[in-house]
Amino acid sequence: MALDGMFLHHLKKEIEGGAIGTRVDRIYQPGKEELVFVLRSQSGCRRLFLSARAGGARINFTLSSPENPKQPPMFCMLLRKHLSGARLSAVRQPELERMLILDFDTVNDFGDRVTKSLAAEIMGKYSNIILIDENGKIIDAIKRVDAGMSSERLVLPGLAYKMPPPQGKVCLLSSDAGSIAERIKSIPSDMKLPKALLSATQGISPVVCRELQYITGRGSELDVRGMDEAQFERLGFFLGRLAETVRSCSGVPYMAVDAATKKPLDFSFINMLQYGSGAAVSRKESF
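So my numbering is basically just the index in the sequence shown, starting at one, shifted up by 112.
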């Protein structure tokens, strides 16, 4: 299961609707790579959970209250110093990257109004949560990355914050769906359609790629070289529908559960017809 940039785009809207204008009341770090922000408004408090765990990185509202260590970790204390009482003013997502940037209005040591940001990067084993000052410099991160760990991007206090390296993929928000279909059509290999979609499209997950194959091929597996013009036209049509769903944030949260074992299989912002009778797909109340 993967939290992709398109699903995160819907989460962004949900967080904006429930948290913009709230103030940071409390900050906890229940796990080595997990944070809980208690956000207060006139109507009460909400808990925003952030995780940079390789196998479970995410950001979402939660009702649970995890047990916290008696002594808060250093990163937690640093966040409290910089963000306690701050007001959440914006939630940003660069295109469909798997990251959200939370902007907080606060005051610095001189009493000046400034905006500090928290970048939640949801990128598998490279996931991170990074605190950035008003000048775009890193204050600290839940995972520091030095030269011995990466030659491309350092994440250390005092360095300028840089976006993760671009992957050269096409963003559905700013590109014509037909052009993506044409790009896939030109791939010189027998690559399966889901893999081709995954390699060409920004912010898309394997389950969405498989769903596009399912509805394009009417239930059949497809490889790019074996597709005919009618199938490419269908692919362009369904990519266009997907793009509109993402632009308008009109998707809804679905969960697929294995019909036999009752274990979760996947989640998405679109229905998952690909599982057929092998799974029970249900709509959920919240992303």
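No residue lacks a Cβ here, since even glycine has one placed at the ideal position from N, Cα and C.
Could you please give me the residues that DSSP links to residue i through a beta bridge?
{"i": "residue 174", "result": "159"}
{"i": "residue 149", "result": "139 and 160"}
{"i": "residue 235", "result": "Answer by DSSP bridge pairing: none, since residue 235 is not bridged."}
{"i": "residue 257", "result": "267"}
{"i": "residue 218", "result": "226"}
{"i": "residue 249", "result": "272"}
{"i": "residue 244", "result": "229 and 250"}
{"i": "residue 211", "result": "233"}
{"i": "residue 165", "result": "According to DSSP, which records beta bridges pairwise, residue 165 is partnered with nothing at all."}
Pick out whichever of the options has its Cα sitting closest to the Cα of residue i.
{"i": "residue 396", "options": "389, 390, 369 and 264", "result": "369"}
{"i": "residue 104", "options": "115, 389, 158 and 123", "result": "Here the chain comprises residues numbered 113 to 399, so residue 104 is not present and cannot be evaluated."}
{"i": "residue 164", "options": "211, 265 and 282", "result": "211"}
{"i": "residue 375", "options": "360, 385, 392 and 364", "result": "392"}
{"i": "residue 126", "options": "158, 295, 265 and 136", "result": "158"}
{"i": "residue 282", "options": "223, 308, 249 and 226", "result": "308"}
{"i": "residue 300", "options": "339, 272, 321 and 328", "result": "339"}
{"i": "residue 242", "options": "267, 261 and 259", "result": "267"}
{"i": "residue 196", "options": "217, 381 and 288", "result": "217"}
{"i": "residue 160", "options": "176, 154 and 166", "result": "176"}
{"i": "residue 276", "options": "238, 331 and 187", "result": "238"}
{"i": "residue 288", "options": "382, 244, 310 and 347", "result": "347"}
{"i": "residue 360", "options": "342, 381, 372 and 344", "result": "381"}
{"i": "residue 364", "options": "351, 322, 180 and 399", "result": "399"}
{"i": "residue 178", "options": "192, 226 and 139", "result": "139"}
{"i": "residue 310", "options": "345, 257 and 351", "result": "351"}
{"i": "residue 294", "options": "312, 249, 123 and 189", "result": "312"}
{"i": "residue 337", "options": "349, 306 and 320", "result": "306"}
{"i": "residue 280", "options": "377, 209, 152 and 320", "result": "209"}
{"i": "residue 273", "options": "231, 355, 333 and 330", "result": "231"}
Considering only their Cβ atoms, is the gap separating residue j from residue i smaller than 8 Å?
{"i": "residue 379", "j": "residue 387", "result": "no"}
{"i": "residue 145", "j": "residue 292", "result": "no"}
{"i": "residue 233", "j": "residue 314", "result": "no"}
{"i": "residue 327", "j": "residue 385", "result": "yes"}
{"i": "residue 358", "j": "residue 284", "result": "yes"}
{"i": "residue 252", "j": "residue 269", "result": "yes"}
{"i": "residue 198", "j": "residue 136", "result": "yes"}
{"i": "residue 371", "j": "residue 389", "result": "yes"}
Would you decide whether residue i is buried or exposed? Buried here means 16 or more other CB atoms lie within 10 Å of its CB.
{"i": "residue 183", "result": "exposed"}
{"i": "residue 247", "result": "exposed"}
{"i": "residue 169", "result": "buried"}
{"i": "residue 120", "result": "buried"}
{"i": "residue 222", "result": "exposed"}
{"i": "residue 229", "result": "buried"}
{"i": "residue 220", "result": "exposed"}
{"i": "residue 117", "result": "buried"}
{"i": "residue 343", "result": "buried"}
{"i": "residue 181", "result": "exposed"}
{"i": "residue 259", "result": "exposed"}
Round the Cβ separation of residue i and residue j to the nearest angstrom and send it over; I've been treating them as touching at under 8 Å.
{"i": "residue 304", "j": "residue 335", "result": "5 Å"}
{"i": "residue 142", "j": "residue 150", "result": "With a Cβ gap of about 12 Å, residue 142 and residue 150 do not count as contacting."}
{"i": "residue 200", "j": "residue 133", "result": "7 Å"}
{"i": "residue 213", "j": "residue 225", "result": "With a Cβ gap of about 19 Å, residue 213 and residue 225 do not count as contacting."}
{"i": "residue 173", "j": "residue 130", "result": "6 Å"}
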